[in-house]
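Trainee:
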Amino acid sequence: MHLVGMLVTGFGVIFLFLGSLGIFRLPDVYNRLQAGTKCTTLGAFSSIIGVGIMEPTWFWKCLIIAVFILLSNPISSHALGRASCKSGVPLCKKTVVNKSKDFCKEGKK
Amino acid sequence: MSSTSYSFREKSRSFIYLFVLLILVWLAFTSSFHLQELVIGILISLVLSIVISKEYLKLDLPSFTIKRFIFLLIYILVLFKEILKANFDVAYRVIHPKMPIKPGIVIIQTHLKSDIAKMILANSITLTPGTFTLDILGDKLLIHWINVKAENIDETTKIIGERFEKYLKVIFA
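Just so you know, the sequences run in chain order A and B.
Start counting the first sequence at 3; every next residue gets the next number (the numbering used here).
Start counting the second sequence at 5; every next residue gets the next number (the numbering used here).
(1) Under three-state DSSP, which class holds residue 141(B)?
(2) Nearest-angstrom Cα distance between residue 5(B) and residue 53(B)?
(3) Give me the chain B residues within the contact set of residue 77(A), using Cβ-Cβ distance strictly less than 8 angstroms, ordered along the chain.
(4) Which residues in chain B have a C-beta closer than 8 angstroms to the C-beta of residue 66(A)? List them in chain order.
(5) List the residues of chain A that residue 87(B) touches, going by C-beta distances under 9 angstroms, in chain order.
(6) Output the distance between the C-alpha atoms of residue 31(A) and residue 42(B), rounded to the nearest integer angstrom.
(7) For the alpha helix (DSSP H) that residue 152(B) lies in, which residues bound it at each end?
(8) In whole angstroms, what is the alpha-carbon distance linking residue 86(A) and residue 146(B)?
(9) Would you report the Cα separation of residue 69(A) and residue 43(A), rounded to the nearest angstrom?
(10) Using a beta-carbon distance cut-off of less than 7 angstroms, what residues from the segment 89-117 of chain B approach chain A?
(11) What residues in the segment 16-27 of chain A have a beta carbon less than 7 angstroms from any beta carbon of chain B?
(12) Please list the partners that residue 9(A) has in chain B, where partner means a Cβ-to-Cβ separation under 8 angstroms.
(13) Could one say the Cβ of residue 91(A) lies closer than 8 angstroms to chain B's Cβ atoms, at least one of them?
(14) Only counting the same chain, and skipping five residues up and downstream in sequence, which positions put a Cβ closer than 6 angstroms to that of residue 235(B)?
(15) Determine the DSSP secondary structure at residue 97(A), reduced to helix, strand or coil.
(16) Would you decide whether residue 9(A) is buried or exposed? Buried here means 16 or more other CB atoms lie within 10 Å of its CB.
(17) Can you list, in chain order, the residues of its chain with a C-beta nearer than 6 angstroms to that of residue 133(B)? Leave out the 5 residues immediately preceding and following it.
(18) Kindly provide the ranges of any alpha helix (DSSP H) runs that are 4 or more residues long and lie completely inside the segment 11-77 of chain B, ordered along the chain.
(19) How would you list, in chain order, the residues of chain B whose beta-carbon sits under 8 angstroms from the beta-carbon of residue 63(A)?
(20) For a cutoff of 8 angstroms on Cβ pairs, would you count residue 84(A) as touching chain B?
(21) Leaving aside the five residues before and after residue 47(A) along the sequence, list all residues of the same chain whose C-beta is less than 8 angstroms from its C-beta, in chain order.
(22) Would you mind giving the Cβ-Cβ distance between residue 24(A) and residue 41(A), rounded to the nearest angstrom? I have them listed as a contact below 8 angstroms.
(23) Short of 7 angstroms in beta carbon distance, which residues of its chain neighbour residue 26(B), apart from the five on each side in sequence? Order them along the chain.
(24) Please report how far the alpha carbon of residue 38(B) lies from the alpha carbon of residue 16(B), in whole angstroms.
(25) Quick check: is the beta carbon of residue 81(A) nearer than 8 angstroms to any beta carbon in chain B?
(26) List, in order along the chain, the chain A residues whose C-beta lies closer than 8 angstroms to that of residue 150(B)?
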């Protein structure tokens, strides 16, 4: 049981590392948020669940914390993304399409 | 805010749902079945569910049926599969020396009506491969896509939204 918990926690730690690497490497705010959201959600989720598997008496508490992270993490990064979109943070040079202006026009109709 | 009055049946139903949810959370936190802790938990859950049941009704969640529950379970499984896929996808893009990204901002359309369903859809899109919800206006969602495959609104809706919408449609029907 201890070994399984260690493996799950290790899996999570690898993804947390990849997420932080992505925040350094990717070009603009939106791409960085992509890496930040996805990798930290799975990373934090599986490291907390792994702790729960290592200590079976903590499992249900850990599950509640993990579900809370799963619900709140996308909302917080959505707020960051929306704020940077509204305040006009520029996109990187590789960007192919940008429909955010059309979107604002449709909203005003 | 419209001051709609809810029927007794709706009120009691939301009360029961909240009570069961709070008891489950309490049991998860204490993880024991001692009489003392159970009694305290039941008392606190009763008081809380009487106080909050009106706020819960404002969320306008659908009532509990077996069919909805089964679809919810399937939905959670699909979501987990997509989260795993998303992580390997982003990891691949980050590790690759040339960074194969092709970012862009696109619009998709949704047929869901209630606010809570739209919120769940937006959150699921944020957690799935390469897509990230920036804004919602009416039935349109503004999405940042790390690897743009289509620009047309119909095609983007099919690629991004469809896989979750078919389950959410049944759950919130």
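Heads up, the beta-carbon is just placed ideally off N, CA and C, and yes, glycines get one too.
Remember, it's a predicted structure, so these values are computed and weren't measured experimentally.
Mentor: Judging by the given coordinates:
(1) Strand, per DSSP.
(2) Its pLDDT being 43, under 50, residue 5(B) is placed unreliably by the model, and the measurement read from it follows with that caveat. Approximately 22 angstroms, taken between the alpha carbons.
(3) Going along chain B in sequence order, the residues near residue 77(A) (Cβ under 8 angstroms) are 127.
(4) What residue 66(A) touches in chain B: 29, 32 and 33.
(5) Taking a Cβ-Cβ cut-off of 9 angstroms, the neighbours of residue 87(B) in chain A comprise 40, 43, 44, 47 and 72, given in sequence order.
(6) Looking at the two C-alpha atoms, the distance is approximately 48 angstroms.
(7) For residue 152(B), there is no enclosing alpha helix (DSSP H), as DSSP marks it with neither H nor E.
(8) A direct Cα-to-Cα measurement between residue 86(A) and residue 146(B) gives close to 13 angstroms.
(9) Going from the Cα of residue 69(A) to the Cα of residue 43(A) covers about 10 angstroms.
(10) Going along the segment 89-117 of chain B in chain order, one finds 90, 91, 94, 95, 98, 103, 105, 106, 107, 108, 109, 110 and 111 with a Cβ nearer than 7 angstroms to chain A.
(11) Contact annotation: in the segment 16-27 of chain A, residues whose CB is within less than 7 angstroms of a CB in chain B are 17, 20, 23, 24 and 27.
(12) Neighbours of residue 9(A) on chain B: none; closest Cβ ~15 angstroms, over 8 angstroms.
(13) Cβ-Cβ to chain B under 8 angstroms: no for residue 91(A).
(14) In the structure displayed, chain B extends from 5 to 177; residue 235(B) sits before or after that span and is not available.
(15) Coil, per DSSP.
(16) With fewer than 16 other beta carbons inside 10 angstroms of its own, residue 9(A) counts as exposed.
(17) If we look at residue 133(B) and ignore the five residues flanking it on each side, its Cβ neighbours are 89, 90 and 93.
(18) Complete alpha helix (DSSP H) runs here, min 4: 12-34 and 39-62.
(19) The contacting residues are 32, 33 and 35.
(20) It does; some Cβ of chain B falls within 8 angstroms.
(21) Result list for residue 47(A): 14, 68, 71 and 72, in chain order.
(22) The C-beta distance from residue 24(A) to residue 41(A) rounds to 6 angstroms, short enough to fall under 8 angstroms.
(23) Once the five neighbours on either side are set aside, the close Cβ partners of residue 26(B) are 49, 52 and 53.
(24) Distance between the alpha carbons of residue 38(B) and residue 16(B) is about 28 angstroms.
(25) By this cut-off, residue 81(A) is not an interface position.
(26) Ordered by position in chain A, the residues that pass the 8 angstroms Cβ test against residue 150(B) are 33 and 36.
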